[in-house]
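K.L.:
So the protein sequences, as listed, match chains A and B. The opening residue of the first sequence carries number 1 in the UniProt record's numbering; numbering runs sequentially from there. The opening residue of the second sequence carries number 1 in the UniProt record's numbering; numbering runs sequentially from there.
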Amino acid sequence: MDISALMLSRIQFAFTVSFHIIFPAFTVGLAAWLAFLQARAMISREPVYDRLFDFWLKIFAIAFGLGVVSGIVMAFQFGTNWSELARRTGPIQGPLLGYESFTAFALEASFFGVLMFGRARVPRWFYLFACLMVCLGTSLSSFWILVNNSWMQYPTGFALRPDGVFVPTDWWAILFNGVVWVRFPHMVLAAYVTTSFCVAATGAWYMLRGSDRIEARAMIRMGLGLAAILVPLQLFFGHLTGDYVVKHQPSKIAAIEGHWESQAPAGEILFAWPDEAQEKNHFVVALPAPIGSLIDDGTLTGTVIGIKDIPKADRPPVLIPFFAFRIMVGCGLLMLALAWGGMAFYATGRLERARWLQWAIFLSFPLGFVATLTGWFTAEVGRQPWTVYGQLRTADAATPFLTSPQVATSLAVFGAVYALIFAAGTVYIYRMLRAGILPTPAHAGSTANPKRPLAVPGDSPGAPGGTPSGTPAE
Amino acid sequence: MITFWAAALALTLMLYVLLDGFDLGVGMLFGIAPDETARRHMVQAIAPVWDGNETWLVLAATILFGAFPTVYALLLSAFYLPLLLMLAALILRGVAFEFRYKSRRLRRVWDAGFVGGSYCAAFVQGVTVGALVQELPVRDGLYAGGAFTWLTPFSLLCGLGLCLGYALLGAAWLCGKTESDVRDLGFRLLPRLLLGVLVFLGAAFAYALAMNLRVLHRWVERPEMLVLPLVGAAACAGLLYAVRRRNDALPFPLVALIFAAAFATLAASFLPYMVPFSVTVKEAAAPEASLSFMFWGAGVVVLPITLIYTLVVYRVFKGKVDVAEHYD
C-alpha cells in the first residue's frame, strides 16, 4: 500500500470511529437514564417521570439510529482497509467483536423495536424489561469494544505463529486483566457523565427561558446530582488509566507528559508547545519536581521517561496526544466544578436566581463529548506507530493492495453521507429539545400511546397547523 | 468446531437474506406506493424489526471475522468499493425511518434515500454473490485482483436478480402484514416479480453454461443436489396458487422457501470451498482456541437466545399493521 493510501485509511478510520463514538457516548448513558425513569415512573406514579421518559425516548431514537448505522460501518472496516490486521489478529479480535455483536448488538437492536413501537402491545413490566435489555446491550457493547481495544493497547495471552498470525493462548488473561477493568469503567463513566450533562443542560435551558418548570428542576437535580458523584469517580478511574499507560506504554506516556529528556524526579508540564523538529518545548508552564513523579508513579523520585529515549521509529506524533490529554483533563475539572457548584446552589435554593450559573450549565452540554473524543484521541494516536502495541505496526496492518483513489473515494463518500445525516440528526434533536416537554399527551396505559417517537406539533408536513401529537395528523 | 461455525455462518447469512431481504424489498416497493397513506403503511410494516434484521449482517460479518479471519480479510478487501456503496446505502436507508417523520422540507430526500438505498444495498449484495460464483483471483490465500475485478456482466445480472428476489420477498411480506390497497399491490406484484426472478435464473444459467463456469461441474458431480431446485419449483407453484386464492399467510413462507432452496443450492455447489474455488472452509478456519472460545459462549448460549428473542419480538409485532395506529 502506498503511503498516501495508508494515511487516507487512517484518516478514514479516525473519522468514522470518532463519528460513531459520539452516539454511543450519549446512548449508553441515555439507555440507563430511560430505564431509571421508567422504573421510577412505575414505582412513584408521578407523571413527571413519564413525561421525561417520553421526551428523552424521542431523542434516544435518533441518537441510537445514528449509532447503529455508523456502527455497521465499523464492523466492515477492519476487513476493507485493514485486511492484514484482520488476517493476523482475527483469531483474537474476531471472537471479541463477535461477542460484541452477539451479546450486545443483537440484544439492543431487537429490544429497541419494542421500546419504540411496542408500548401498547406489551405489559408494563415487559416494557421495563425491554428498557433494561437495551441498557444492558449498550453497556455490553462498550465492554467488548474495550476488551478488544485494550488488547491492542496491551496485547497479552497470545502466541505468534510463523506466518504472523496471533493465536490466542489465554483468554482469561485477555478478558480479565487490569487494563480492561480500568478502561471499561472509564468509558462507561464517560458515557454516563456525558448524558448527565446533556440532561442537566436541557434543564438549565428550560429554566432560562422559564418553560417546563417541574421537568427543568428534575433534570437539573438528577443530571447534576449524578454528575457530582460520577465525575470524581471518573477522575479516579482516569488516574488509574494513566497508571497502565505509565506501566505498559512508555512511548505514549512520554508524548502525553511532553518531557523530551528523561527526568528523576520530574516536574509536570501544564502547558507547552512541543516542537518535534527541534525536539524541545516552547512556552512551557510547568509545576516543579517532584510533582510529575508523584503523579506518574506515586513516589518523590520516580523517573518520567523523555521522548528522546524512545527510538525515532517508535515515537507517536507528540502534538495530538499532548493537547488531547490536556483538553480532556480540562473538561473533566470544569465538569467537576459545575457539578459540585451547581448542586451547592441547588441545595441552598439559589440556583433559580443565578442566571449566570444556569447559562454555564446550559453551555456545558458539549463538555462530555469533547472529553470522550479527546480521551480516545490520546489513547489511539498515542499508541502509534503501532496498531497492536509493540507487535504490529500500523503500516503493516493495512490492506496491501488498496490504492489512494479507492480510499479517497470511500473517505469522500463517508464524509458526505455522515455530514448529511449528522447535520439532519442534530437539527431534529435540536428541534425536539427546543419544542420542550409539555405538548406530550397522556401516555402509559392509554390507547393514544405513541408507537414511534412523536412528531413534534407542526413538525410534520401533514400537520401544518400543529395538531397535538398522538392524534391522527392527517 | 469448524463445521459448527460454518453452519452458524450459513444460518446467519440465510436469516439475514430472508429478514433484511423482505425489508429491503419493502423499501424498493415503497417507491411505487400510490400515496402517503400507503407509504406510512409500508414503513409501519417493517419499522419495528428492520434494525434487528440488519443485525444479522453484522453477526455474519463478525462470525466471519472470528471463525474465518482469512476469508473476512480476503473478501472484504476484494469488494472494497461495492461494500462502500452498500454501507452508504444502508446508512441512508436506516436513518430514513426516523428522519422522514422529523423533517419539514427534506422528506422527499429521505424517501429517495430509503428507496435508492434499498435498491443499492440489494444490488451490491447480488453483485458480490455473482462475482463469487465467477471466482475471484486468489494467490496464497490473498486477493490478487484489482479494484474492479468484481464488475462483470454476470455479476451485474446477479445484482439485478437479487433486487427482483428481495422485491418478491417484500411483496409477500406486505401481503401478510397489511390490508386494503397495500395488500392488493402486493398480490398484483407477486406473479410479475416471480416471473422476473425465473427469467433471471434462466438467464444466469444460460450465461453460466456459455462461460462454462466451474459451478456447473459441481452439479454434474453431485446430481443429488437437483432436489433443491425442485423444492424451489414446487414453492413457486404453491406461490401462484396462494396468489390466486388471495391467501395472506402463505406467500411469505413460500417465497422464503424459494430463497432457502436457492441459498442451499449455492452453498452446496461451493462446499467444501468457502471462497470458490480457492479457499476451503478448513483452510479458512481460525485456530481451535478461537473457535472453542466463541463456541462455548456465543455458539451454545447466545446464538440460541438471540434466535429466541428474535422470535419473541416478531410475536410481539405479529398480525396486521393497524391502519388506525400508524399515524404519528
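Cβ atoms here follow ideal geometry from the backbone N, Cα and C, with glycine treated the same way. Computed from a predicted structure; not experimentally measured.
Taking only runs that begin and end inside the segment 214-302 of chain A, name each unbroken alpha helix (DSSP H) of 4 or more residues, in chain order.
P.N.:
250-257, 291-297
K.L.:
What residues from the segment 156-184 of chain B come within 9 Å of chain A, judged by C-beta to C-beta, listed N to C?
P.N.:
none
K.L.:
Here's a check: name, in chain order, each residue in its chain whose Cβ is nearer than 7 Å to the Cβ of residue 48 of chain B, leaving out the five neighbours to either side.
P.N.:
317
K.L.:
Select from A/397, A/415, A/422 the residue whose C-alpha is nearest the C-alpha of residue 152 of chain A.
P.N.:
A/397
K.L.:
Along the segment 108-128 of chain A, where does the CB come closer than 8 Å to a CB of chain B? Name the residues.
P.N.:
109, 110, 111, 112, 113, 114, 116, 117, 118, 120, 121, 122
K.L.:
Can you have a look at residue 230 of chain A and say buried or exposed, based on whether 16 or more other CB atoms are within 10 angstroms of its CB?
P.N.:
buried
K.L.:
Does the Cβ of residue 244 of chain A have 16 or more other Cβ atoms within 10 Å, making it buried, or fewer, making it exposed?
P.N.:
buried
K.L.:
Which residues mark the beginning and the end of the alpha helix (DSSP H) in which residue 328 of chain A is found?
P.N.:
Per DSSP, the unbroken alpha helix (DSSP H) holding residue 328 of chain A starts and ends at 319-347.
K.L.:
In or out: residue 192 of chain A buried (at least 16 other Cβ within 10 Å) or exposed?
P.N.:
Buried, because 16 or more other Cβ atoms sit within 10 Å of the Cβ of residue 192 of chain A.
K.L.:
Identify the continuous alpha helix (DSSP H) that holds residue 182 of chain B and give its terminal residues.
P.N.:
180-211
K.L.:
If we ignore side chains and look at the alpha-carbon of each, how far apart do residue 54 of chain B and residue 255 of chain B end up?
P.N.:
Answer to the nearest angstrom: the Cα atoms are 19 Å apart.
K.L.:
Tell me which residues share the same chain as residue 371 of chain A and place their Cβ nearer than 7 Å to its Cβ, disregarding the 5 neighbours each side in the sequence.
P.N.:
190, 328, 331, 332
K.L.:
Compute the beta-carbon to beta-carbon distance between residue 257 of chain A and residue 304 of chain A, rounded to the nearest angstrom, for a pair I have assumed lies under 8 Å.
P.N.:
6 Å
K.L.:
Output the boundary residues of the alpha helix (DSSP H) element that contains residue 225 of chain B.
P.N.:
Premise fails: residue 225 of chain B is in no alpha helix (DSSP H) and is neither H nor E.
K.L.:
Taking only beta-carbon positions, decide if residue 54 of chain B is within less than 9 Å of chain A.
P.N.:
yes
K.L.:
Take residue 445 of chain A and list the residues in its own chain whose beta-carbon comes closer than 8 Å to its own, dropping the five residues that flank it on each side.
P.N.:
Reliability fails at residue 445 of chain A, whose pLDDT of 38 lies under 50, so the model's placement of it is uncertain and the value that follows must be treated cautiously. Only 124 meet the Cβ criterion.
K.L.:
So, does the segment 186-197 of chain B touch the segment 143-157 of chain B, judging by three or more C-beta pairs under 8 Å?
P.N.:
no
K.L.:
Would you kindly work out how many angstroms separate the C-alpha atoms of residue 328 of chain B and residue 169 of chain B, rounded to a whole number?
P.N.:
Here residue 328 of chain B scores only 41 on pLDDT, less than 50, and its place in the model should not be relied on; the value that follows carries that caveat. Spanning the two alpha carbons is a distance of roughly 27 Å.
K.L.:
What residues from chain A crowd round residue 58 of chain B, counting only those whose CB sits closer than 7 Å?
P.N.:
72, 75, 101, 105
K.L.:
DSSP on residue 166 of chain A, reduced to helix/strand/coil?
P.N.:
Three-state result, residue 166 of chain A: strand.
K.L.:
Residues of chain B with CB under 7 Å from residue 78 of chain A, in chain order?
P.N.:
65
K.L.:
Can you give me the C-alpha to C-alpha distance between residue 132 of chain A and residue 31 of chain A, rounded to a whole angstrom?
P.N.:
8 Å
K.L.:
Looking only at its chain, what residues have a beta carbon closer than 6 Å to the beta carbon of residue 364 of chain A, apart from the 5 residues adjacent to it on each side?
P.N.:
197, 201, 338
K.L.:
Out of B/278, B/264, B/156, which one is the CA nearest neighbour of residue 224 of chain B?
P.N.:
B/264
K.L.:
For the segment 46-64 of chain A, which residues have a CB atom closer than 7 Å to at least one CB atom of chain B, in sequence order?
P.N.:
61, 62
K.L.:
Taking residue 66 of chain A as the query, report the chain B residues whose CB atoms sit under 8 Å from its CB, ordered along the chain.
P.N.:
Ordered by position in chain B, the residues that pass the 8 Å Cβ test against residue 66 of chain A are 95.
K.L.:
Output, in chain order, the set of chain A residues within a Cβ distance shorter than 8 Å of residue 62 of chain B.
P.N.:
75, 94, 97, 98, 100, 101, 102
K.L.:
For residue 43 of chain A, does the count of other Cβ atoms within 10 angstroms reach 16, so buried, or fall short, so exposed?
P.N.:
exposed
K.L.:
Return no unless some Cβ of chain A is closer than 9 Å to the Cβ of residue 51 of chain B.
P.N.:
yes
K.L.:
I want to know whether the segment 257-275 of chain A touches the segment 400-417 of chain A - three or more CB-CB distances under 8 Å.
P.N.:
no
K.L.:
In chain order, which continuous runs of the alpha helix (DSSP H) of length 4 or greater are located wholly inside the segment 118-171 of chain A?
P.N.:
Taking only runs of at least 4 residues, the alpha helix (DSSP H) segments lying wholly in the segment 118-171 of chain A are 124-153.
K.L.:
Quick check: is the beta carbon of residue 171 of chain A nearer than 9 Å to any beta carbon in chain B?
P.N.:
yes
K.L.:
If you draw a straight line from the alpha carbon of residue 241 of chain B to that of residue 18 of chain B, how long is it in whole angstroms?
P.N.:
21 Å
K.L.:
In angstroms with no decimal places, state the Cα-to-Cα distance between residue 346 of chain A and residue 352 of chain A.
P.N.:
8 Å
K.L.:
With a threshold of 7 Å on Cβ separation, who are the neighbours of residue 12 of chain B within its own chain once the five nearest residues in sequence on each side are excluded?
P.N.:
56, 59, 60, 63
K.L.:
Starting from residue 12 of chain B and walking both ways along the alpha helix (DSSP H), at which residues does that stretch end?
P.N.:
2-29
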